[in-house]
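In my numbering, the protein residues as written are -19 to 164. A short write-up of the structure that comes next.
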Ligand SMILES: [Mg+2]
Ligand SMILES: [Zn+2]
């Protein structure tokens, strides 16, 4: 696999542990072991890293945009402390019923990040823990990679993701994927 110019990460279940209760406070954001080091390794190899994340907790009225910003600030601080850098981010703050163009599996967040980075779909790569991340990747023409660190059934997500991208690879976590990417 050639090194991508831009790696777009889903947040919950990829960088930090996800929970059915949603990430509602900065202290709810607990990094998955190895994920911060993996981001740092990408940064140090000159691969830009961005985040594309559905955060419907805002649209559902469970948290404010300011609270989402506080949670995001904690994430940026943790990544920085580990020696990594997040170049850009795009959050969908809409509730599912709003029918926006950005909530994954729609490709809006990814298209926004590609345009802002001036990177072609073929030069990017997306890492997610859900089939909808891979569906969004496929809709944007970007290669997707699945990791098994979400709270949902990874085998189910993998089967579902293969409908969108038949050869989607599955890794145990972000660290395993990044080690593979950077050693190939
Ligand atoms: Mg996720
Ligand atoms: Zn949206």
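Cβ atoms here follow ideal geometry from the backbone N, Cα and C, with glycine treated the same way.
Residue burial classification, residue i (beta-carbon count within 10 angstroms, cutoff 16)
{"i": "residue 59", "result": "buried"}
{"i": "residue 130", "result": "buried"}
{"i": "residue 114", "result": "buried"}
{"i": "residue 145", "result": "buried"}
{"i": "residue 33", "result": "buried"}
{"i": "residue 76", "result": "exposed"}
Close Cβ partners of residue i (< 6 Å) along its chain, the five nearest in sequence each way excluded
{"i": "residue 63", "result": "20"}
{"i": "residue 37", "result": "2 and 43"}
{"i": "residue 149", "result": "125"}
{"i": "residue 85", "result": "112, 115 and 116"}
{"i": "residue 6", "result": "50, 51 and 54"}
Residue i Cβ short of 8 Å to ligand 2 heavy atom set
{"i": "residue 73", "result": "yes"}
{"i": "residue 40", "result": "no"}
{"i": "residue 130", "result": "no"}
{"i": "residue 78", "result": "yes"}
{"i": "residue 83", "result": "yes"}
{"i": "residue 88", "result": "yes"}
Cβ neighbours of residue i in the same chain (closer than 8 Å, five flanking residues each side left out)
{"i": "residue -4", "result": "3, 9, 10, 11, 12, 15 and 55"}
Separation of residue j from residue i, as counted between CA atoms
{"i": "residue 67", "j": "residue 92", "result": "13 Å"}
{"i": "residue 118", "j": "residue 124", "result": "7 Å"}
{"i": "residue 111", "j": "residue 137", "result": "5 Å"}
{"i": "residue 108", "j": "residue -9", "result": "8 Å"}
{"i": "residue 155", "j": "residue 82", "result": "27 Å"}
{"i": "residue 103", "j": "residue 26", "result": "13 Å"}
{"i": "residue 24", "j": "residue 153", "result": "19 Å"}
{"i": "residue 41", "j": "residue 57", "result": "26 Å"}
{"i": "residue 17", "j": "residue 98", "result": "26 Å"}
Check: residue i C-beta below 8 Å from any heavy atom of ligand 1
{"i": "residue -10", "result": "yes"}
{"i": "residue 10", "result": "no"}
{"i": "residue -6", "result": "yes"}
{"i": "residue 67", "result": "no"}
{"i": "residue 165", "result": "Nothing about residue 165 can be read from this structure; the chain reaches only from -19 to 164."}
Close beta carbons around residue i, own chain, < 7 Å, minus the five adjacent residues each side
{"i": "residue 35", "result": "48, 71, 72 and 73"}
Self-check item: Uninterrupted alpha helix (DSSP H) stretches inside the region 80 to 113 (no shorter than 4 residues)
Solution: 88 to 97
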